[in-house]
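Residue numbers (our numbering): 945 to 1319.
Just so it is clear, CB atoms sit at the ideal spot from N, CA and C, and this is done for glycine as well.
Single-structure report; data block below.
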Ligand SMILES: NC(=O)c1ccc[n+]([C@@H]2O[C@H](COP(=O)([O-])OP(=O)(O)OC[C@H]3O[C@@H](n4cnc5c(N)ncnc54)[C@H](O)[C@@H]3O)[C@@H](O)[C@H]2O)c1
């Protein structure tokens, strides 16, 4: 198969859809990989590294889209990219269709096959192509939280791990899924006094087993959250209710109960945020202060560490990209249910029900587009 890797053109997006290591695996299997010049630069990968991996370097984005069968990228196409996408071309990337009617209609019009990272789903209902970014965001939440607790950045002026003779910072994590668990590990590793809350008792049992002794587990409820917020220095919001807006666990009136300089990191901001006073911010201007409480609500946290994020993303996407390249999307999706669930828009039809429902547009079952393959 001929595979294209364009440079991301969304503002401040430095990740790239495929690493040189990923390109090597695909070329070894006999596939052709065409990479736009400088596509990997923001993540620390040079054109020479892609060439060494057997890829061809193309001068511009138009030539990448021109004749490839599969595009591998990171972010959803933006308007400038719509007209580059060809009929029947397979586009493998994050789309988040339900949040954009314009994008959905543009992809329907393109006649392309849109396989969305975020809806590839395993039988246990986990989302393997979202996990790596949650791992990055969870770990980053603690790094950023520690930074914004510094006095010059309007924080309480407390060192996360303390020093001998002085207590460490207290970190409260709301949600014990992927983000919350990674945050708890990082905060505990730095010596903080950590509490992690979830509504799922079995999850709390598991976390109590695997996390170190300086992490306490606690059932999540409004009563319990209120009892802790006044004594915690860093609070990380990491809840998710699949397919729904995040519940507001920290309400505006609770800010008054917090110490001045407390830092709130709302990782769930991309789902509307679990802190009522959360408004999306950017890496250029990540925080604002309300009632003396520092709010950090960056919606694309992994974008700040493109080297790590690109490698983590390719680790997760490559096995699926190889199946698609080896078999073509129809056969690969008919043999792999996780991949089939990634098909959102196919040749002019919306094949993912919740995307069609979101905009009141017609839905066509994906099976109508997949030729049945008897293994
Ligand atoms: N800002 C970013 O850059 C960024 C990056 C990655 C992920 N995220 C977001 O982070 C959020 C968490 O993602 P995840 O991968 O950890 O999800 P996950 O599904 O692995 O975990 C969510 C956890 O929240 C728990 N939960 C639900 N309601 C709760 C409540 N009322 N109180 C406490 N816990 C509750 C669930 O039981 C679950 O364990 C999502 O909104 C995701 O989109 C944001």
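>> Distance check for residue 1256 and residue 995, CA to CA, integer angstroms please.
In response: Sequence index remark: in the chain shown, residue 995 carries index 51 (1-based). Sequence index remark: in the chain shown, residue 1256 carries index 312 (1-based). Taking the straight line from one Cα to the other gives about 21 Å.
>> Rounded to whole angstroms, what is the Cα-Cα separation between residue 1318 and residue 1278?
In response: Here the question's residue 1318 lines up with position 374 in the chain shown. Here the question's residue 1278 lines up with position 334 in the chain shown. Legend: pLDDT at residue 1318 = 49, less than 50; position of this residue unreliable, no value from coordinates given.
> To the nearest angstrom, how far is it from the Cα of residue 1265 to the Cα of residue 1066?
Replying inline: The count along the chain shown starts at 1 and reaches residue 1265 at position 321. The count along the chain shown starts at 1 and reaches residue 1066 at position 122. Rounded to whole angstroms, residue 1265 to residue 1066 spans 16 Å at the Cα level.
> Hey, would you say the C-beta of residue 1072 is under 8 Å away from at least one heavy atom of ligand 1?
Replying inline: For this step, residue 1072 is matched to residue 128 along the chain shown. Because no heavy atom of ligand 1 lies under 8 Å away, the Cβ of residue 1072 does not count as near it: no.
> Taking residue 1314 as the reference, which of 1302, 1296, 1164, 1275 has the closest Cα?
Replying inline: Here residue 1314 corresponds to residue number 370 of the chain shown, with the count starting at 1. Ranking 1302, 1296, 1164, 1275 by Cα distance to residue 1314 puts 1275 first.
>> ligand 1 and residue 1121: does any heavy atom of the ligand fall closer than 8 Å to the residue's C-beta?
In response: Counting from 1 along the chain shown, the entry for residue 1121 is found at position 177. Answer for residue 1121: yes, Cβ within range of ligand 1.
>> Does the beta-carbon of residue 1193, which I'm using as the reference point, lie nearer than 8 Å to any heavy atom of ligand 1?
In response: In the chain shown, the residue the question calls residue 1193 occupies position 249. Checking the Cβ of residue 1193 against ligand 1 gives yes.
>> Looking only at its chain, what residues have a beta carbon closer than 7 Å to the beta carbon of residue 956, apart from the 5 residues adjacent to it on each side?
In response: Taking the chain shown and counting its residues from 1, the one referred to as residue 956 is at position 12. Only residues of its own chain outside the window of five on either side were considered, and among them 1227, 1247 have a CB closer than 7 Å to the CB of residue 956, listed in chain order.
> The alpha helix (DSSP H) spanning residue 1123 covers which residue range?
Replying inline: The residue you call residue 1123 lines up with position 179 of the chain shown. Unbroken alpha helix (DSSP H) run through residue 1123: 1122-1133.
>> Which of the three DSSP states is assigned to residue 980 in this structure?
In response: In the chain shown, counting from the first residue as 1, residue 980 sits at position 36. Look at residue 980 here: in three-state DSSP terms it is strand.
> Do residue 1208 and residue 1237 come within 9 Å of each other at the CB atom, strictly closer than that value?
Replying inline: In the chain shown, residue 1237 corresponds to position 293, counting from 1. In the chain shown, residue 1208 corresponds to position 264, counting from 1. Residue 1208 sits close to residue 1237, with the two beta carbons spaced by under 9 Å.
>> Does residue 1202 come out as helix, strand or coil in the three-state DSSP assignment?
In response: For the purposes of this step, residue 1202 is identified with residue 258 of the chain shown, where counting begins at 1. If DSSP states are grouped into helix, strand and coil, residue 1202 belongs with coil.
> Is the closest heavy atom of ligand 1 to the C-beta of residue 1111 under 8 Å?
Replying inline: Numbered from 1 along the chain shown, position 167 holds the residue referred to as residue 1111. Every heavy atom of ligand 1 is 8 Å or more from the Cβ of residue 1111, so no.
>> Measuring straight from C-alpha to C-alpha, what distance separates residue 1290 and residue 1020?
In response: In the chain shown, the residue the question calls residue 1290 occupies position 346. In the chain shown, the residue the question calls residue 1020 occupies position 76. Near 16 Å, if we compare the C-alpha coordinates of residue 1020 and residue 1290.
> What are the partner residues of residue 1151, as DSSP defines its beta bridges?
Replying inline: Your numbering for residue 1151 matches position 207 in the chain shown. According to DSSP, which records beta bridges pairwise, residue 1151 is partnered with nothing at all.
> Would you call residue 1163 buried or exposed, if buried means 16 or more other Cβ atoms sit within 10 Å of its Cβ?
Replying inline: Your numbering for residue 1163 matches position 219 in the chain shown. With fewer than 16 other Cβ atoms within 10 Å, it is exposed.
>> Strictly by DSSP, which residues pair up with residue 1000?
In response: Translated into the one-based positions of the chain shown, residue 1000 becomes position 56. Paired residue(s): 978.
> Which full runs of the alpha helix (DSSP H) of 4+ residues lie inside the stretch 1040-1104, going along the chain?
Replying inline: Entirely contained in the stretch 1040-1104, the alpha helix (DSSP H) runs reaching 4 residues are, in chain order, 1045-1054, 1075-1092.
>> Using only CA atoms, which one of 1240, 1205, 1151 lies nearest to residue 1212?
In response: Position 268 of the chain shown holds residue 1212. With distances taken between Cα atoms, residue 1212 lies closest to 1240.
> Hey, quick one: how far does the alpha helix (DSSP H) through residue 966 stretch, first residue to last?
Replying inline: As a first step, residue 966 is located in the chain shown; it is residue number 22 there, counting from the start. 964-972 is the span of the alpha helix (DSSP H), which, as asked, contains residue 966.
> Looking at C-alpha atoms only, which residue of 1185, 1147, 1025, 1282 is the closest neighbour of residue 1068?
Replying inline: As a first step, residue 1068 must be located in the chain shown, where it is residue number 124. Taking residue 1068 as reference, the option from 1185, 1147, 1025, 1282 with the minimal CA-CA separation is 1282.
> Buried or exposed: which applies to residue 932, given that a residue is buried once 16 or more other Cβ atoms fall within 10 Å of its Cβ?
Replying inline: Given that the chain is displayed from residue 945 to residue 1319, the structure contains no residue 932 and the question cannot be resolved.
> Just curious, the alpha helix (DSSP H) that residue 1268 is in, first and last residue?
Replying inline: By 1-based counting over the chain shown, the position of residue 1268 is 324. Unbroken alpha helix (DSSP H) run through residue 1268: 1250-1271.
> For residue 1034 versus residue 1013, is the C-beta distance shorter than 9 Å?
Replying inline: What you label residue 1034 is simply residue 90 of the chain shown in a count that begins at 1. What you label residue 1013 is simply residue 69 of the chain shown in a count that begins at 1. Yes; because the gap between Cβ atoms is below 9 Å, this pair is in contact.
>> For a test of your reading of the model: does the CB of residue 1078 fall under 8 Å from any non-hydrogen atom of ligand 1? Yes or no.
In response: Locating residue 1078 in the chain shown gives position 134, counting from the first residue. Flag set: Cβ of residue 1078 near ligand 1.
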